[in-house]
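Here is the structure we will look at, set down as structure tokens.
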Amino acid sequence: MKKTILLIFFFGYFSTNAQSKNIDLQIFTFPEVEKLQQQNPKPIVVFIYTDWCNICYGMKNKTFKNERIISFLNDHFYFVNLNAEGKNNITFLGKTFVYKPSGTKSGMHELAKELGSINGQISYPTTTILNSDFEIDAQVNGYINSNKMSIVLKKYLK
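According to mature numbering (1 follows the signal peptide of the UniProt record, and there is no 0), the residues represented by the sequence shown are -18 to -1, 1 to 140, in order.
Here you go:
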């Protein structure tokens, strides 16, 4: 009986330790990215979303939970989440961006509009890539699955 319990314990121990360790996506703020760019310049991926957007939620829980995508983003980019309806002021590149209400319960953050607008329109989600000089190099709106995200990121680095 003791041997059986001991065997179960060892198999359980080794099987849980043999599983891969989950890695977390490193998420930065805009002020953090400004400081980091001075030490180690990298492109910046800005994920512009809203809390009510189901497609945004899907990307957060599928694309940005994919270990391949997480590793690639952590190694080659700085990643920033930007809630387009967030009410906190954001100081970035010497300018303070604020939330602009457009109705009783609606509005948009100025920085989301600045980084997410394509031809004057914004849709959610929008993924924007800034170069190390903080210039917009790429914008993709809509859902991006892990395979497409991998292609977009690798193509950008070439």
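Here a beta-carbon is modelled for each residue, glycine too, at the ideal position from N, C-alpha and C.
Contact check, residue 27 vs residue 97, beta carbons under 8 Å: Residue 97 is positioned such that its CB atom lies no closer than 8 Å to that of residue 27.
Complete alpha helix (DSSP H) runs within the stretch 82 to 127 (minimum length 4 residues, chain order): List check, alpha helix (DSSP H) in window: 92 to 98.
Within the stretch 22 to 71, ranges of the alpha helix (DSSP H) (whole runs, at least 4 residues): As far as the stretch 22 to 71 is concerned, its whole alpha helix (DSSP H) runs of at least 4 residues are 36 to 43, 49 to 58.
Cβ contact (3+ pairs, closer than 8 Å) linking the stretch 32 to 48 and the stretch 111 to 119: These segments do not touch.
Exposure of residue 45, with buried meaning 16 or more beta-carbon neighbours within 10 Å: Sixteen is the threshold: when 16 or more other Cβ atoms of the shown chains lie within 10 Å of the Cβ of residue 45, as they do, the residue is buried.
Nearest-angstrom beta carbon gap, residue 82 and residue 92 [assumed within contact, 8 Å]: Residue 82 and residue 92 do touch by the CB rule: their CB atoms are close to 6 Å apart, below 8 Å.
Three-state class that DSSP yields for residue 133 in the structure shown: It is helical.
Extent of the continuous beta strand (DSSP E) run through residue 78: Segment 77 to 79, the beta strand (DSSP E) holding residue 78.
Alpha-carbon spacing of residue 70 relative to residue 140, whole angstroms: In a straight line, the C-alpha of residue 70 is about 35 Å away from that of residue 140.
Residue 9, buried or exposed, once every other Cβ within 10 Å from all chains shown has been counted against 16: Classification of residue 9: exposed, given that the 10 Å Cβ count is below 16.
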